[in-house]
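Novice: As you go down the protein sequences, you meet chains A and B in turn.
Each residue of the first sequence is one higher than the last, beginning at 1 in our numbering.
Each residue of the second sequence is one higher than the last, beginning at 1001 in our numbering.
Cβ atoms here follow ideal geometry from the backbone N, Cα and C, with glycine treated the same way.
There are 2 protein chains.
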Amino acid sequence: MFEYLRNPRTVAVVGASPDTRKIGNAVLDNLIKSGFNGQVYPVNPSYNEIMGLKCYPSLDHLEKGLDLVVIALPAKTAVELLDQCVRNLSRFVIIIAGGFSEIGQEGRMLEEQIKVKIRGSQTRVIGPNTVGLLFPHSGLNTALTPSNRIYYPGKGNIGFVSQSGALGLLVMDSITEHGLGVSGFVNIGNRADVTEVDLLSMFAGDPYTKSIVLYLESIADGEQFFSKTKEISKKKPIIVLKTGGSAEAARAASLHTGAMATDDRVLDGILKQSGVIRAYDEVELMDYGKALAYQVPPHGDRMAVVTTAGGIGVVTTDLLTTSRDGIKLRMASFNESEKAELKAHVLPIASVNNPIDLTADGSTEAYESILNILTESDNVDGIIAYALPQTPKIDMGIVSALKEAAERKTLVAGVIGYRLATEVLTELEKAKIPAFPSVRRATDAMKALYRYGLYKRRLESVS
Amino acid sequence: MFEYLRNPRTVAVVGASPDTRKIGNAVLDNLIKSGFNGQVYPVNPSYNEIMGLKCYPSLDHLEKGLDLVVIALPAKTAVELLDQCVRNLSRFVIIIAGGFSEIGQEGRMLEEQIKVKIRGSQTRVIGPNTVGLLFPHSGLNTALTPSNRIYYPGKGNIGFVSQSGALGLLVMDSITEHGLGVSGFVNIGNRADVTEVDLLSMFAGDPYTKSIVLYLESIADGEQFFSKTKEISKKKPIIVLKTGGSAEAARAASLHTGAMATDDRVLDGILKQSGVIRAYDEVELMDYGKALAYQVPPHGDRMAVVTTAGGIGVVTTDLLTTSRDGIKLRMASFNESEKAELKAHVLPIASVNNPIDLTADGSTEAYESILNILTESDNVDGIIAYALPQTPKIDMGIVSALKEAAERKTLVAGVIGYRLATEVLTELEKAKIPAFPSVRRATDAMKALYRYGLYKRRLESVS
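(1) Check whether the segment 364-384 of chain A and the segment 301-310 of chain A touch, using three or more Cβ-Cβ pairs below 8 angstroms as the test.
(2) Should Asn148/A be labelled buried (16 or more other beta-carbon atoms within 10 Å of its own) or exposed?
(3) Just the C-alpha distance for Asn1037/B and Val1014/B, rounded to the nearest angstrom, thanks.
(4) Distance, Cα to Cα, Glu1407/B vs Val1131/B?
(5) Restricting to Cα atoms, I'd like to know which of Lys1117/B, Asn1007/B, Ile1071/B is closest to Lys1022/B.
(6) Here's the rule: buried if 16 or more other CB atoms are within 10 angstroms of the residue's CB, otherwise exposed. What is Asn1025/B?
(7) Shortest alpha-carbon distance to Ala1401/B belongs to which of Gln1122/B, Asn1372/B, Leu1449/B?
(8) Buried or exposed: where does Gln1273/B fall if 16 or more other Cβ atoms within 10 Å of its Cβ makes it buried?
(9) According to the neighbour-count rule (16 or more other Cβ atoms, all chains shown, within 10 Å of its Cβ), is Val1116/B buried or exposed?
(10) Does the segment 1174-1181 of chain B come into contact with the segment 1107-1116 of chain B, if we say contact requires no fewer than three beta-carbon pairs (one atom in each stretch) closer than 8 angstroms?
(11) Assign Met109/A to one of two classes, buried (16 or more other C-beta atoms within 10 Å of its C-beta) or exposed (fewer than that).
(12) How would you call Ser1461/B, buried or exposed, if buried means at least 16 neighbouring beta carbons within 10 angstroms?
(13) Taking the CB atoms as reference points, tell me whether Leu199/A and Ile188/A lie closer together than 8 angstroms.
(14) Any Cβ of chain B within less than 8 angstroms of the Cβ of Val315/A?
(15) Taking Cβ positions only, does Asp1173/B come closer than 8 angstroms to chain A?
(16) Mind checking who Gly1165/B pairs with in its DSSP beta bridge?
(17) Tell me whether Arg1451/B sits in a helix, a strand or coil according to DSSP, three-state version.
(18) Mind checking which residues open and close the alpha helix (DSSP H) that includes Ile88/A?
(19) If Ala220/A and Glu196/A are in contact, beta carbons under 8 angstroms, what's the gap, nearest whole angstrom?
(20) Which class does Gln1039/B belong to by DSSP, given the choice of helix, strand or coil?
(21) Using a beta-carbon distance below 8 angstroms, is Leu1420/B in contact with chain A?
(22) Would DSSP call Phe1002/B helix, strand or coil?
(23) Beta-carbon within less than 6 angstroms of Ala97/A's beta-carbon, same chain only, minus the 5 sequence neighbours each way: which residues are those?
(24) Counting beta carbon pairs with one atom in the segment 280-296 of chain A and one in the segment 1437-1444 of chain B, are three or more of them shorter than 8 angstroms?
(25) Could you confirm whether any beta carbon from chain A is found closer than 8 angstroms to the beta carbon of Gln1390/B?
(26) Mind listing which residues of the segment 1265-1293 of chain B have their C-beta closer than 9 angstroms to chain A's C-betas, in chain order?
(27) Under a three-way DSSP split, which group does Ala261/A fall into?
(28) Give the DSSP-derived three-state secondary structure of Lys228/A in the structure shown.
(29) Indicate whether at least one CB of chain B lies closer than 8 angstroms to the CB of Asp318/A.
(30) Could you give the first and the last residue of the continuous beta strand (DSSP E) run that contains Gly1382/B?
(31) Counting only Cβ pairs nearer than 9 angstroms, list the residues of chain A close to Ile1150/B.
(32) Using 8 angstroms as the threshold, is the C-beta distance between Arg324/A and Asp444/A below it?
(33) Mind checking the segment 1355-1375 of chain B against chain A and listing, in chain order, the residues whose C-beta falls within less than 9 angstroms of any C-beta there?
(34) Between Val1161/B and chain A, is any beta-carbon pair separated by less than 8 angstroms?
(35) Determine the closest residue to Val352/A out of Asp361/A, Glu365/A, Ala360/A, Glu338/A, with distance taken between C-alpha atoms.
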């Protein structure tokens, strides 16, 4: 059923408009620009044509069984239109409007009507109070922010579910910087019907999705969430940014989406038992999503660090071996023959202890040789490799060197700097190597990978 | 004395070369390109002219009392040349070469010779094993990395001392992204002579420097460092990234610069007593440096958060009110008349509780009015304001609105996203408003400001 959401054949936009101040304008524009291959039907009784597409006076004028209907009209009108959707046998309806449970009693009653109207029908509702959704592999973008205000990610492997619309859009805009894509994004909003659990199942079954990331301010149904994440995380990693951990944030969250927050310690235990990786801000959420989409977890905690900048290696060692959220890793110890091998590829002044510091003399070739030794070593479970293009002998060949190593052993890359660094980060993204612009982000991503591996090994040991 | 280091009238580059593979080439090139107004003397017996400048066979052919001599030649030659420097009455000598104490016993002996040779003279040595220094306000750049590999920051207010050269260069490259500048950068390297304490004093007396940031793997002289930081931090904030906190990192650090690391817990206590703010990675170091250079600390812990994206406000509340390194802040409570005033500037669906969520309807004008109310409020000590240009009614006017508010109350800005966000971050940087591209970085910067304020208030209460 949810395959019609992520790859609909037909999409109607009710409230489509040529007026750029209207949300129905941006939605239709995004839908057209995103390269959607299915049928798009603008619906608005005031126009015969919008953006070159034939416009229909109402849903009743369209074929039965639309896969997706986007309602870009105010709250009350949107709810009334649900009758038409049900009559049409529409599969999915997105209600964009706010003005529901998040504004109090009156809104809650209106939201209740959504449930009543679709009860017993085949129609499912996304929202209300949602910015829409994005499925780049289907060329589907129903978001309400015009594409001159925001960059939408391209095809990728992260399934992203967000309870907050604006946060979702901003995070997606951010990740386009180096070209990170998503397999899909859905803003569940007030989730009168479709919840995070439905979408977890959808992304679990989606072949493009390699990891699932969720931004939640509350959990619709704790028991269901627990059993579903537990089941899915055995196959696909799930990362959750759950806010409302502090009492003050819980209050802020309830004002924002009208939802009650769960006790944070209880939740923490549940998430750990279900194998869910926890993120604590919007950057970690996507960083972990990327790391877990692109790399398999390390088999153990022995890390090798390669750098051409000694200080960066020292900071990395500090952060890797310091506990964060209960996880700390160890620095791998090389045996004498490995040390001798490593020594052959570096200057006498370079260090072949761990971190391996090639110094500013380090070349792409030396790097490649070092990575070969590390991927072969039984003493190394994971590699953090700094691709620092400011070093004169490091060129873009570093990307394929890292790519090859990443196929053989868990690897996370770090790139520090501005222009050249941005170029390398973009190339690493194309090669689907998890790469990060700071030591903390690189080491935290490795810890997220390790945490997921730990969970999987525990599962295996009890089964 | 140290004013000759940050603003020399004469600089000689010994080992200057037209050969782009030589370090003496990059140093001379950087010096010329950085717009240095003083006299530059290339020194190399093989050339009469380099890069259009008259070249001298040796230091003995130059005027006496050079302010700065950069030696871009190998370790042994560099040490031998010190005799000429002393004879010349040179004030400062930078020895770039590695191959000293960081490589073991032989190197340690060579490094010892540096101390012996300058003993009793007026000559002070920076390094050895240093990438050089940068003082943008004097147009001085003696760094060894060519400017096509790295962007050097422009004029700014952060004094940056780094024990690691490569880390220092990479961090400087990074901060140019949105235009953050420095008042100066010195890589102390093996600090055979000039230590972090000398440079702390120099930056303390430099009118351009508003905050001092240090990357240290070890501390040259604990007692001296303690008393000097204690004295200086009363007037200028000092931020330290001290690595080697874990036993493994301490080992890594000793391999890198040949220095012994201090016990981390002892150090932590000393730093807290001296009012030094501690950073834990290279990003925090400059983030805190920027926040403390641009803003005065809040008078208390009551924070107001303004956003046009509700979810961002919720994440902020979570991170602000959760302890990080012992600091957590409170969400300000507005009184009824403040709430009424705030309410007048937002849609009915917007929240005027804290965080104040203007929703996607929030305009620059509304933002300005809200900020006015917050800066006037006795219930608010600090403001975290998200300038989110993806919201349709937020325009570049947001920068001057934030600027005005930041002059009246401690303010940290957050901007999430890519293209438009980068534009806003760049404008905020020009306006010297501390702005950050993630919730964590914004909230951590506010906590750093708060920590410094706490220290200053404690000082006042005991004096």
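Specialist: The answer reads as follows:
(1) yes
(2) exposed
(3) 19 angstroms
(4) If I take the Cα positions, the gap works out to 37 angstroms.
(5) The shortest C-alpha to C-alpha distance from Lys1022/B to any of Lys1117/B, Asn1007/B, Ile1071/B is the one to Ile1071/B.
(6) buried
(7) Asn1372/B
(8) exposed
(9) exposed
(10) no
(11) exposed
(12) With fewer than 16 other Cβ atoms from the protein chains shown falling within 10 Å of its own Cβ, Ser1461/B counts as exposed.
(13) yes
(14) Output row for Val315/A: interface = yes.
(15) Contact with chain A is found for Asp1173/B, since one of that chain's Cβ atoms lies less than 8 angstroms from the residue's Cβ.
(16) According to DSSP, Gly1165/B bridges with nothing at all.
(17) helix
(18) Looking at the sequence shown, residue 88/A is not Ile but Asn. From DSSP, the alpha helix (DSSP H) with Asn88/A extends over 75-88.
(19) That belief holds up - the Cβ atoms of Ala220/A and Glu196/A are roughly 6 angstroms apart, short of 8 angstroms.
(20) strand
(21) yes
(22) coil
(23) Pro74, Ala75, Ala78, Pro128
(24) yes
(25) yes
(26) Tyr1280, Asp1281, Glu1282, Val1283, Glu1284
(27) Reliability of the predicted coordinates at Ala261/A is poor, the pLDDT of 48 falling under 50, and the value obtained from them is presented with this limitation in mind. Looking at Ala261/A - three-state DSSP - the assignment turns out to be coil, as it is neither helix nor strand.
(28) helix
(29) yes
(30) 1382-1386
(31) Gln390, Gly417, Tyr418, Arg419, Leu420
(32) Less than 8 angstroms divides the Cβ of Arg324/A from the Cβ of Asp444/A.
(33) Pro1355, Asp1357, Thr1359, Ala1360
(34) no
(35) That would be Glu338/A, whose Cα lies nearest to the Cα of Val352/A.
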